[in-house]
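Numbering (this note's numbering), first residue to last: 844 to 1295.
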């Protein structure tokens, strides 16, 4: 089983346990190397201190004339550090507890020693001995004080340290379960709270806000979930309104088509004759087809929000002229005034064609005599497209919702063209705005020179 599938409390405890094990193993590996020199120096220091005590003469009074505490210390020292005193004639005091060959080797080393004090170590019968030979000068001749300790002292220290370390680490290992549970509860309590809220949001029960009084990552996660909740509520409202608006937008042409068709079947021609009445049906069918096409294109733009758009290289001024030429045929009474710079652009060619077509369709619909189009580069690495007409001004109330879906236009029509244009421009990192002029209306589009 993977660790990520375990409960959070188990995961935290395992991390604690693993950390403790790693630290323990590291200490067990490092301590022998790092403390070897320390213990060795400590042994030599004990030996030399024992020699100082031995040489001071107090040892000969031991234990009669020393205070009780000093008696204990001297007694411990005399048991730990062994002393042998000998001269050049090999007279030894006290009686030698060491094998004779070993002692003779020590005497040779002492007699060849150049310094008054020298440290040595040697392996004797498989056991390591640390010893110090001190040369003592006296009126009666030179003496040598040999003081030694066995390595068992150091080993005893290491074993004691290891036992204590193992005991402490074992207790920490066992007791680590307690802080792991406390930490897990501290972390999981808000997560369980968020899980319940997300589960309710998934069931569309999103009325209750998500509130956690924290400023850490969990608190920021809760705020993000609450933002998501509000957006889902807003999206649901938009969806419901869209369904109502779509139904309203499609209902009128469908009703006209059905009523005209039924009248013709009954032998009645609402427009006076068959041809004129059928022409109305055809016009309403065309309106219905256009609205259906716009709805499908809006859905396509929603999908493009989540995928990469195509990046075509083309001349923006040439695209504007191409779209303009197609609309000049619709109204030959309009004068077209253009001021276009030669600008290359990288973006979705099809989308920009649709955006400009919808925008110019709006101009042709409302213009009296003139439509103006300008294309210029701006100092801040942006491109400005302005399209205006000399038609009626737009009411302030209508201007606020002009680029939203299904909001009624100036003539009460529920159009999608400007909404599609605004969505395309937004997809390309730009903005669109509209302003009333002294004579007419101007639409301004501002886009980056190259879409990032």
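Glycine included, C-beta positions come from ideal geometry on N, C-alpha and C. This one's a predicted model, so the numbers in the text were calculated from it and none came from an experiment.
Chain-order list of residues whose beta-carbon lies under 7 Å from that of residue i (same chain, five-residue window excluded)
i: residue 1027; result: 851, 852, 855
i: residue 867; result: 1012
i: residue 1029; result: none
Cβ-Cβ separation, residue j to residue i (assumed contact under 8 Å), whole Å
i: residue 1100; j: residue 1124; result: 5 Å
i: residue 1301; j: residue 1134; result: Residue 1301 cannot be examined here, being either before or after the span of the chain that is shown, 844 to 1295.
i: residue 1233; j: residue 1201; result: So it is not a contact: roughly 20 Å between Cβ atoms.
i: residue 935; j: residue 953; result: Actually they do not touch by this definition, with Cβ atoms about 12 Å apart.
i: residue 1242; j: residue 1203; result: Going by Cβ atoms, the distance from residue 1242 to residue 1203 rounds to 19 Å, so no, they are not a contact pair.
i: residue 999; j: residue 859; result: Residue 999 to residue 859, Cβ: 32 Å. No contact.
i: residue 923; j: residue 992; result: 6 Å
i: residue 1259; j: residue 1138; result: 7 Å
Limits of the beta strand (DSSP E) - the one that residue i falls within
i: residue 970; result: 970–981
i: residue 993; result: 984–993
i: residue 1291; result: 1283–1291
i: residue 839; result: Any property of residue 839 remains undetermined from this structure, which presents the chain solely from 844 to 1295.
Whether residue i touches residue j by CB criterion (9 Å)
i: residue 1289; j: residue 1194; result: no
i: residue 1247; j: residue 1262; result: yes
i: residue 872; j: residue 1008; result: no
i: residue 988; j: residue 927; result: yes
i: residue 1230; j: residue 1142; result: no
i: residue 897; j: residue 990; result: yes
i: residue 1287; j: residue 1226; result: no
i: residue 1160; j: residue 1183; result: yes
i: residue 1061; j: residue 1037; result: yes
i: residue 1172; j: residue 1215; result: no
i: residue 973; j: residue 962; result: yes
i: residue 1207; j: residue 1245; result: no
i: residue 1210; j: residue 1169; result: no
i: residue 940; j: residue 967; result: no
Residue i - DSSP class collapsed to helix/strand/coil
i: residue 872; result: helix
i: residue 1053; result: coil
i: residue 1172; result: coil
i: residue 1271; result: coil
i: residue 1240; result: helix
i: residue 926; result: strand
i: residue 1212; result: coil
i: residue 1019; result: coil
i: residue 1024; result: helix
i: residue 1229; result: strand
i: residue 850; result: coil
i: residue 905; result: No answer about residue 905 holds up, because its pLDDT of 35 lies below 50 and its placement is not dependable.
i: residue 1218; result: strand
i: residue 999; result: helix
i: residue 877; result: helix
i: residue 1280; result: strand
i: residue 1156; result: strand
i: residue 1186; result: coil
i: residue 856; result: helix
i: residue 935; result: strand
i: residue 1247; result: coil
i: residue 1058; result: coil
i: residue 1224; result: coil
i: residue 1083; result: helix
i: residue 1133; result: helix
i: residue 1112; result: coil
i: residue 1234; result: coil
i: residue 1124; result: helix
i: residue 1066; result: helix
Boundaries (first-last residue) of the alpha helix (DSSP H) holding residue i
i: residue 1207; result: 1192–1209
i: residue 964; result: Not the alpha helix (DSSP H): residue 964 falls in the beta strand (DSSP E), residues 960–967.
i: residue 1259; result: Unbroken run through residue 1259: none, as it is neither H nor E.
i: residue 955; result: 943–955
Cβ shell of residue i (< 6 Å), same chain only, five flanking positions each side left out
i: residue 879; result: none
i: residue 1275; result: 1265, 1268, 1288
i: residue 1153; result: 1191
i: residue 1118; result: none
i: residue 1033; result: 1055, 1061
i: residue 1044; result: 1072
i: residue 959; result: 978
i: residue 1024; result: 852
Same chain only: Cβ atoms within 8 Å of residue i, ignoring 5 sequence neighbours per side
i: residue 1128; result: 1096, 1100
i: residue 985; result: 930, 931, 978, 979
i: residue 1054; result: 1065, 1069
i: residue 1106; result: 1112, 1113, 1120
i: residue 1130; result: 1096
i: residue 863; result: 1012, 1015, 1016, 1019
i: residue 1198; result: 1263, 1264, 1267, 1268
Closer than 9 Å to chain B by CB, residue i
i: residue 1006; result: Looking at the structure shown, chain B is missing, and only one protein chain is on hand.
Check: residue i C-beta below 8 Å from any heavy atom of the ligand ADP
i: residue 1169; result: Inclusion of the ligand ADP in the displayed structure is not the case, the ligand content being empty and no account of it being possible.
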